[in-house]
Amino acid sequence: MLQMINLLDFDAEALIAWFEQQGEKPFRARQVLRWVHRFGATDFEQMTDVAKSLRAKLSETACVKPPVPVRDSVSTDGTRKWLLDVGNGNAVETVFIPETTRGTLCISSQAGCALDCAFCSTGKQGFNRNLTAAEIIGQLWLANRMLGADETGERVVSNVVMMGMGEPLANFDNVVSALKLMLDDHAYGLSRRRVTVSTSGIVPAMDRLRDACPVALAVSLHAPNDALRDVLVPINKKYPLRELMAACQRYLDKAPRDFITFEYVMLDGVNDQDEHARELVALTRDVPCKFNLIPFNPFPNSGFLRSPAPRIRRFSQILIDAGIVTTTRKTRGDDVDAACGQLAGQVQDKTRRTSKSTRNVIPVTEVRT
Ligand code: SAH
Ligand code: SF4
Numbered sequence: 004m005l006q007m008i009n010l011l012d013f014d015a016e017a018l019i020a021w022f023e024q025q026g027e028k029p030f031r032a033r034q035v036l037r038w039v040h041r042f043g044a045t046d047f048e049q050m051t052d053v054a055k056s057l058r059a060k061l062s063e064t065a066c067v068k069p070p071v072p073v074r075d076s077v078s079t080d081g082t083r084k085w086l087l088d089v090g091n092g093n094a095v096e097t098v099f100i101p102e103t104t105r106g107t108l109c110i111s112s113q114a115g116c117a118l119d120c121a122f123c124s125t126g127k128q129g130f131n132r133n134l135t136a137a138e139i140i141g142q143l144w145l146a147n148r149m150l151g152a153d154e155t156g157e158r159v160v161s162n163v164v165m166m167g168m169g170e171p172l173a174n175f176d177n178v179v180s181a182l183k184l185m186l187d188d189h190a191y192g193l194s195r196r197r198v199t200v201s202t203s204g205i206v207p208a209m210d211r212l213r214d215a216c217p218v219a220l221a222v223s224l225h226a227p228n229d230a231l232r233d234v235l236v237p238i239n240k241k242y243p244l245r246e247l248m249a250a251c252q253r254y255l256d257k258a259p260r261d262f263i264t265f266e267y268v269m270l271d272g273v274n275d276q277d278e279h280a281r282e283l284v285a286l287t288r289d290v291p292c293k294f295n296l297i298p299f300n301p302f303p304n305s306g307f308l309r310s311p312a313p314r315i316r317r318f319s320q321i322l323i324d325a326g327i328v329t330t331t332r333k334t335r336g337d338d339v340d341a342a343c344g345q346l347a348g349q350v351q352d353k354t355r356r357t358s359k360s361t362r363n364v365i366p367v368t369e370v371r372t
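In structure tokens form, the structure reads like this:
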């Protein structure tokens with residue numbers, strides 16, 4: 004039997020090319036793109052302005068197959084988290100964070116992650132595989148449906164952050180296809196400034212992203228010097244801080260925003276001292292940036308503790324006093340890391356998943372300090 008093509012795997016360019024191979028005009032591809040992404044159609048018969056013969060042809064060769072949610076948790080403040088089955092006992096998570104002026108979706112790019120940052124639960128689970136473009140954009144497709152986007156195509160998700168499981172720049176092509184769909188007016192029409200890729204600092208891929216699809220960039224810094232960053236973020240051994248800072252500067256030439264966001268996890272007694280903050284100020288002197296401090300989310304056997312709140316405030320103040328806009332991510336609850344996929348392990352262990360299924364998700368909001 005013919006393998007069905009999942010149309011969620013195609014960005015506009017690829018869909019147009021595929022249509023052309025079959026003698027169909029580009030505008031037909033754009034029509035279908037709108038049906039699939041804007042209106043959430045999965046059945047070609049719904050595509051009423053597409054010729055009947057084309058609808059019939061499509062239904063023989065193609066499908067629209069988003070990932071399947073196996074768990075849907077809603078917190079009291081409206082934060083919503085979906086656990087998505089991606090086959091072979093693997094699952095990834097997608098988190099929606101509603102705020103008064105925006106709705107942010109946090110999307111995963113890989114099942115697991117190979118980069119093994121010392122404080123990251125996803126890294127500790129190891130790497131399983133890259134998500135397909137369909138599985139990545141499918142998270143946005145699904146969120147829009149689950150959040151009640153209607154046939155007018157009204158959007159609930161205004162911002163996307165690639166901050167779920169995995170290192171987006173290690174799954175470059177599929178992530179870029181998904182990003183292009185996020186930006187495409189026939190699909191989701193999000194502003195480049197409202198789509199953020201978070202990377203642990205894969206320098207050559209940062210340059211490629213700048214050329215292929217520049218969106219807002221967040222860099223997981225986590226340490227102010229190479230000796231400490233080599234331990235916390237091992238990819239630093241390959242792309243040390245001097246190279247990383249230079250790549251950030253190059254990125255800003257084409258970036259939709261005029262600053263890089265540096266993420267910095269606050270680990271008690273490890274990277275949270277005054278001298279670390281002062282070192283950061285010196286390190287980032289030539290890179291227009293903002294800092295986002297993330298209180299560490301503990302997980303079993305991590306070996307780290309979260310910095311106490313007064314320490315985080317003091318650290319933040321040193322950056323602010325140096326003129327750097329600094330925010331602290333506010334996390335309620337202390338057992339689930341909403342920034343980085345802890346739930347994925349739970350689906351492999353079905354008994355544990357069941358016993359935890361009554362828990363609410365942990366809401367995460369951004370606050371200015
Ligand atoms: N792989 C990408 C994006 C996913 S993680 C990256 O590393 O940037 C999103 C953010 O959560 C990153 O800054 C990551 O370092 C951080 N993070 C990972 N584990 C965490 C934990 N246990 N507590 C707090 N933040 C964590
Ligand atoms: Fe991978 Fe990011 Fe976790 Fe590091 S912090 S292990 S790059 S997901």
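What the sequence shown shows, in this note's numbering, is residues 4 to 372, in sequence order. Every residue, glycine too, gets a C-beta built ideally from N, C-alpha and C. Keep in mind the model is a prediction, meaning the values are calculated, not measured.
Asked                                                                                                                               : Found
For Gln25, the three-state DSSP class (helix, strand or coil)                                                                       : coil
Sub-7 angstroms separation of Asp88 and Val73 beta-carbons                                                                          : yes
The ligand SAH heavy atom lying under 6 angstroms from the CB of Thr202                                                             : yes
Of the residues Gly326, Ile297, Gly92, the one placed nearest Arg314, counting alpha carbons only                                   : Ile297
Beta strand (DSSP E) segment containing Met165, residue limits                                                                      : 162-165
Lys257: first and last residue of the uninterrupted alpha helix (DSSP H) it sits in                                                 : 244-257
Bounding residues of the alpha helix (DSSP H) (the contiguous stretch that carries Glu278)                                          : 277-286
Presumed contact (8 angstroms Cβ cut-off) between Met168 and Gln252, rounded CB distance                                            : Contact doesn't hold; Cβ gap of about 29 angstroms is too wide.
Sequence-distant residues of the same chain with beta carbon closer than 6 angstroms to Leu224, five excluded per side              : Phe265, Tyr267
Chain-order list of residues whose beta-carbon lies under 6 angstroms from that of Phe99 (same chain, five-residue window excluded) : Arg83, Leu108, Ala146
Cβ pair count under 8 angstroms reaching 3, the segment 270-279 against the segment 218-237                                         : yes
Any 3 or more C-beta pairs closer than 8 angstroms across the segment 278-288 and the segment 316-335                               : yes
Bridge partner(s) assigned by DSSP for Asn239                                                                                       : Partner(s): none; Asn239 has no beta bridge.
DSSP three-state assignment for Phe265, whether helix, strand or coil                                                               : strand
Any non-hydrogen atom of the ligand SF4 within 6 angstroms of Cys418 CB                                                             : With the chain covering only 4 through 372, there is no way to say anything about residue 418.
Alpha-carbon spacing of Arg196 relative to Gly92, whole angstroms                                                                   : 35 angstroms
Whole-number beta carbon distance between Leu212 and Val374, since they are thought to touch under 8 angstroms                      : A query on residue 374 cannot be resolved here, the shown segment of the chain reaching from 4 to 372 and no further.
Presumed contact (8 angstroms Cβ cut-off) between Lys177 and Leu134, rounded CB distance                                            : Note on identity: in this sequence residue 177 is Asn, with Lys being the wrong assignment. 7 angstroms between Cβ atoms; contact.
DSSP three-state assignment for Phe13, whether helix, strand or coil                                                                : coil
Assigned exposure category for Gly344 - 16 Cβ within 10 Å defines buried                                                            : Low per-residue confidence applies at Gly344: pLDDT is 44, beneath 50, and the placement is therefore not dependable enough to give any value.
Other residues of its chain near Gly210: CB distance less than 7 angstroms, five sequence neighbours each side excluded             : The sequence given here places Asp at residue 210; Gly does not occur at that position. Result list for Asp210: Ala250, Arg253, in chain order.
Thr64, enclosing alpha helix (DSSP H) - first and last residue                                                                      : 55-64
Residue interval of the alpha helix (DSSP H) (run including Asp3)                                                                   : Because the chain here runs from 4 to 372, residue 3 falls outside it and cannot be looked at.
Nonlocal neighbours in the same chain, by C-beta distance under 7 angstroms from His279, ignoring five residues either side         : Pro227
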